[in-house]
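First comes the structure, then the notes that go with it.
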Amino acid sequence: MPFHLTDEQEIVRASLRQFAETEVKPLAAQLDREHRPPLETIPKLADLGVLGMTIPPPYGGSGTDYLSFVLALEELARVCATTAVMVEVHASLVATSILRFGDQAQKTHYLPELAAGRLIGAFALTEPGAGSDAAALTTRAEADPDGFVLNGQKIFITNGGFAGVFVVLARTSPAVGPKSISAFLVDRDRPGLSVGEPERKMGIRGSSTVSLLFDDLKLPRSALLGQLGQGFAIAMSGLDGGRTGIAAQALGIAQGAYEEAVAYAKQRVQFGQPIARLQAIQWLVADMATEIEAGRCLVYQAADRQDRGLPFSDAAAKAKLFCGPMATRVTHSALQILGGNGYTEAYPVERMCRDARITEIYEGTNEIQRLVIARSALR
Amino acid sequence: MTWINYVIATGRPVEGLVERATAVGGGPVWGLAVGPAPVAQRLAQSGVERVVWFETAADVPAEALARGLAAQVTARPGLVWAGRTAPERVLLGAAAAALRAPVLTDAVDLWLEDDRLVARQAALAGRLWLTLAFDRPVAILLEGGPAQADQPTRASVEIVAGPALTHPLRQVDWRPRGGAPVDLKAARRVVAVGRGLKAALDLGLIEALAEALGAEVACSRPLAEGLGWLPKDRYVGVSGQQVSPQLYCAVGLSGQAQHLAGARTADLIVAINSDPDAPVMAAADYILCGDLYQLVPALTEALS
Amino acid sequence: MRIVVAHKWAADPQEAVVGADGAVDWSRARPAVSEYDAVAIAVGRQLADASGAELVGLSVGGPTAAAPLAAKAALARGLDSALIVADPALAEADSAVTAQVLAAAVTELGQVGLVLTGDCSVDRGARLTPAVLAGWLDWVCLAEVSAVRWDPTGLSLERESDGGWQSLTLSPPAVLALAAGAVYPPVPGMKDVLAAARKPIRQLDLGQLGLELIRAPLLLAAAPAPAPDRRGVVIDAMDPALAAAELVARLSHDGLTWEGRP
């Protein structure tokens, strides 16, 4: 399958490369060290139009294609995985869900705010007893005369510490089955919402990952996103595109580590020559380059299918299943090339190793991706 | 045909350029002085045969006289030599266009051969050396600077007025920047600092070392252009200053090709850097691998 | 009125590979809008907005300059339209030839009051093109300009000169080379990228300009620059005081002296 980027996609990549190098990379180590989200980057990402890439111009977004958005994520992740996942959840999971399933009032109210970065979005699906198994959700939204009353708990909510709006998946019927779940738009200032302390994590430490507690949280009927009982479909739809986004994040992390390793190998002299001249290093580099290129093909293809309106769940799952473990392997090969230096915080590779690992876990573990792929293959 | 060698002067010393033109040009060397009287008077004692003076009032920058200078060189074509400051370049460009001449920049060596000017040019940020042959006339952009050898004071030669064709250009104000202007090209010793310096406040360390060494402070491009810690005239590199000191001490400076090309002709290079693999280490005579925050004060101490 | 920004589509020479025979391999290098030209485009946008002028990008070069990507990348930085002169004869053009063609294109375009350029191009860095261009046009030229203000009566400029700040006035037409740090050029935003696709791009045929190009110098030889002939003496820096003493001793031995020392 021949594949090349359009001029516009090339320029998007070049812009994001420059932005990432000058505005994002200098913060990456600090965010990691201080477990702090890149709040100062949000207005800059909004000005650049990145927060609104999935939002059409009538709603204040830049409305690029999805492949351009994926390129942006790749470039951000290349220098800072934390910044990339913040954008991914905001623009992919949240903005896309509102765009696809929101009514006119919801779109007019939320999308311009999301595009301008005045509001950051978070996606609340996971619960203590329900991770991959969405059918096990226990958070419930009970109908009352004014709308709904929300009770329950969510965990591992990315962007949760500062998000202004949450897409919350909750049970609206005790019955079993996909129609028992609905999605709601919950503003941060609703009484009854409490946000927990950020998790201390192995990687993407700057990303704000929190728990949410809903205690008799009252929602008007207008907070329902899509139809009653459509929540499961909304979650799956968001996660499909989201998987391509996380695959792009993994790809970017791998690319960043690869470049660090190559630059180091050319400069580091051992036994009287740069280690890049040693075959042991060359083989590592060749394998890394090949794996990254393979991953890139899968990611771009999944995004391209989405842009063309073709089914892409299967392609997105394959991209994520390949790129997550690929990023883990490539970052660890990079660490090996940097040797003792790589193990220290003086170089970014140890951080990249820690950051890469989550891409095998969130927005569907490797195992869940295999389920999706197998279901499609054996249909 | 005899080709005149024109050397453009706008106030900066051009004795070195006059020497080169005399040694290489194969013809009489004339000075083109653009500026107030002292510019013409100094040029008249620099070893040129005669001076054509384009007088400017105090509030008229040299660039305004480009038109007159172009008329002068077309009247009698030749080789035009000029240094790298902004007004010198503008005047040289006007001459090049008027003469329909090719331009020579970044020459590391040049000589006459079979009636052609042959030059070795450092292209690609100094990474590639091209040998090029030019038919005359040629416009030559070359680092000028003071005379190489100690020259006796010369008698002044004739000064004649050039065509007074001017562009509408006026200086309305001039405010001195804090600190004296620096001519790095004339500096015998230079301490250059790069991104290894963590904060502008730490420049004090570098200044102290420069003082102990009797050196001028210089820097890499990011410090002058991105960070603005030092004025632009202290930045060494392909597009900045090109220096030839006795001693070039590179502190916390990685040494990209674009930077090192500006210090290529230094007699001695000392590199102080924490990264043993930085390119500057491969281009130095003396290499100290360590923390500049310890090494620089120690060196200042050892010198005083 | 029109304001022209002369910009170049060029790759960073750092990314070129110089072979042992002096052949240059650019295949790994990615061309882009030359770094400092982005400064000129940003300043040009401000001036065009202030004066109501049309901001036209003008790029001269080999066939790669005609790639739609090259024009769109410059347009995304804020130009209103793009004018391109691309020809194989211009692939290796130096400052003299580039300036000559730029001048002819500016004349052909017409109604141009101001030409802006960056401080220098990333690939050649000669810093002479704007000066020669102004010579061809017989316009006034100023380099290292750090600020430009548009007044109905003319232009007010600022630049760093002779250790001070110089304020100048001039009447257009003029060629101005902007100082590298005149503004920090913004990264093209996503909306700018999409808008660039809808802006007009016009190509001018080199033959149409009817020029007799300045004769390029004859290339006699090319070789990689010789490795710097340096001593490469490593001084053990474990103990800073001892290292400093050794360096001072060695420099003294090399004949350097300073106050308080022989």
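Residue numbers (this note's numbering), protein chains in the order written: chain A, 151 to 529; chain B, -7 to 296; chain C, 83 to 344. Backbone N, C-alpha and C define an ideal beta-carbon position, used for all residues, glycine too.
Under the three-state DSSP convention, the category residue i falls into
{"i": "A/Phe153", "result": "coil"}
{"i": "A/Ser358", "result": "coil"}
{"i": "C/Gly342", "result": "Low per-residue confidence applies at C/Gly342: pLDDT is 46, beneath 50, and the placement is therefore not dependable, though the value from the model is reported in the following sentence. Note: C/Gly342 maps to coil in three-state DSSP."}
{"i": "B/Trp221", "result": "coil"}
{"i": "A/Ala290", "result": "Looking at the sequence itself, residue 290 of chain A is Arg, so the reference to Ala does not match. Correct three-state label for A/Arg290: strand."}
{"i": "A/Ile431", "result": "helix"}
{"i": "A/Phe382", "result": "helix"}
{"i": "B/Pro168", "result": "strand"}
{"i": "A/Ile161", "result": "helix"}
{"i": "A/Phe462", "result": "coil"}
{"i": "A/Thr214", "result": "coil"}
{"i": "A/Glu349", "result": "coil"}
{"i": "A/Thr246", "result": "helix"}
{"i": "A/Ile508", "result": "helix"}
{"i": "C/Val230", "result": "strand"}
{"i": "C/Gly192", "result": "coil"}
{"i": "B/Ala249", "result": "helix"}
{"i": "A/Leu448", "result": "helix"}
{"i": "C/Thr251", "result": "strand"}
{"i": "A/Ser344", "result": "strand"}
{"i": "B/Lys190", "result": "coil"}
{"i": "A/Phe334", "result": "strand"}
{"i": "B/Gln238", "result": "coil"}
{"i": "A/Phe219", "result": "helix"}
{"i": "C/Gly236", "result": "strand"}
{"i": "A/Phe312", "result": "coil"}
Beta-bridge partners of residue i, as assigned by DSSP
{"i": "C/Pro306", "result": "B/Leu120"}
{"i": "A/Lys368", "result": "A/Val299"}
{"i": "C/Pro202", "result": "First, the residue type needs correcting, since residue 202 of chain C is Cys and not Pro in the sequence shown. According to DSSP, which records beta bridges pairwise, C/Cys202 is partnered with nothing at all."}
{"i": "A/Val424", "result": "First, the amino acid is wrong: residue 424 of chain A is Pro here, not Val. A/Pro424 is bridged to A/Val419."}
{"i": "C/Gly143", "result": "C/Ala168"}
{"i": "C/Val100", "result": "C/Val106"}
{"i": "A/Arg183", "result": "In DSSP, A/Arg183 forms no bridge with anything."}
{"i": "A/Cys230", "result": "A/Cys230 is not bridged to any residue."}
{"i": "B/Cys211", "result": "B/Val185, B/Tyr227"}
Residue i and residue j closer than 8 Å at C-beta
{"i": "B/Val230", "j": "B/Gly118", "result": "yes"}
{"i": "A/Glu225", "j": "A/Leu166", "result": "yes"}
{"i": "C/Gly263", "j": "B/Arg169", "result": "no"}
{"i": "B/Leu134", "j": "B/Leu9", "result": "yes"}
{"i": "B/Leu57", "j": "B/Thr66", "result": "no"}
{"i": "C/Ala278", "j": "C/Leu198", "result": "no"}
{"i": "A/Ile523", "j": "A/Ala477", "result": "no"}
{"i": "C/Cys223", "j": "C/Val188", "result": "no"}
{"i": "A/Leu201", "j": "A/Gly267", "result": "yes"}
{"i": "C/Ser133", "j": "C/Met83", "result": "yes"}
{"i": "C/Gly139", "j": "C/Val214", "result": "no"}
Checklist entry - At a Cβ cut of 7 Å, what residues of the stretch 151 to 166 of chain A count as close to chain C, listed as they run along the chain? => result Asp157, Glu158, Glu160, Ile161, Val162, Ala164, Ser165
Item to check | Members of the stretch 174 to 186 of chain B that neighbour chain C once the beta carbon cut-off is set at 7 Å | outcome: none
Checklist entry - At a Cβ cut of 9 Å, what residues of the stretch 259 to 274 of chain B count as close to chain A, listed as they run along the chain? => result Asp267, Pro268, Asp269, Ala270, Pro271
Next on the checklist: If contact is defined by three or more beta carbon pairs under 8 Å, each pair taking one atom from either stretch, is the stretch 124 to 136 of chain B in contact with the stretch 309 to 319 of chain C?
Outcome noted: no
Checklist entry - Any contact of the stretch 362 to 370 of chain A with the stretch 202 to 215 of chain A, i.e. 3+ C-beta pairs under 8 Å? => result no
Checklist entry - Below 8 Å, can you find three or more Cβ-Cβ pairs linking the stretch 27 to 34 of chain B to the stretch -2 to 16 of chain B? => result yes
Checklist entry - Which residues, in chain order, does the stretch 230 to 260 of chain C contribute to contact with chain A at a C-beta distance below 7 Å? => result none
Checklist entry - Touch check for the stretch 287 to 299 of chain C and the stretch 167 to 183 of chain C: three-plus C-beta pairs under 8 Å? => result yes
Checklist entry - Three or more C-beta pairs closer than 8 Å, one from the stretch 330 to 340 of chain C and one from the stretch 126 to 137 of chain C: is that the case here? => result no
Checklist entry - Do the stretch 268 to 288 of chain A and the stretch 484 to 492 of chain A touch if we need at least three Cβ pairs shorter than 8 Å? => result no
Next on the checklist: Tell me whether the stretch 192 to 203 of chain B and the stretch 284 to 293 of chain B touch, counting them as touching only if at least three CB pairs, one residue from each stretch, are closer than 8 Å.
Outcome noted: yes
Next on the checklist: Would you call the stretch 228 to 243 of chain A in contact with the stretch 382 to 392 of chain A, where contact means no fewer than 3 C-beta pairs closer than 8 Å?
Outcome noted: yes
Next on the checklist: Using a Cβ distance threshold of 8 Å, determine whether the stretch 72 to 84 of chain B contacts the stretch 216 to 232 of chain C, with at least three qualifying pairs required.
Outcome noted: yes
Next on the checklist: Contact between the stretch 226 to 236 of chain A and the stretch 402 to 416 of chain A is defined here as three or more beta-carbon pairs at a separation below 8 Å; is this criterion met?
Outcome noted: yes
Item to check | Residues within the stretch 278 to 305 of chain C neighbouring chain B, beta-carbon criterion of under 8 Å | outcome: Ile296, Arg297, Ala298, Pro299, Leu300, Leu301, Leu302, Ala303, Ala304, Ala305
Checklist entry - Do three or more CB pairs link the stretch 99 to 110 of chain B to the stretch 226 to 243 of chain C at distances below 8 Å? => result no
Checklist entry - Is it a yes or a no for the stretch 357 to 364 of chain A touching the stretch 296 to 310 of chain A, going by three-plus beta-carbon pairs under 8 Å? => result yes
Checklist entry - Would you call the stretch 172 to 190 of chain A and the stretch 343 to 356 of chain A in contact, with 3 or more CB pairs under 8 Å? => result yes
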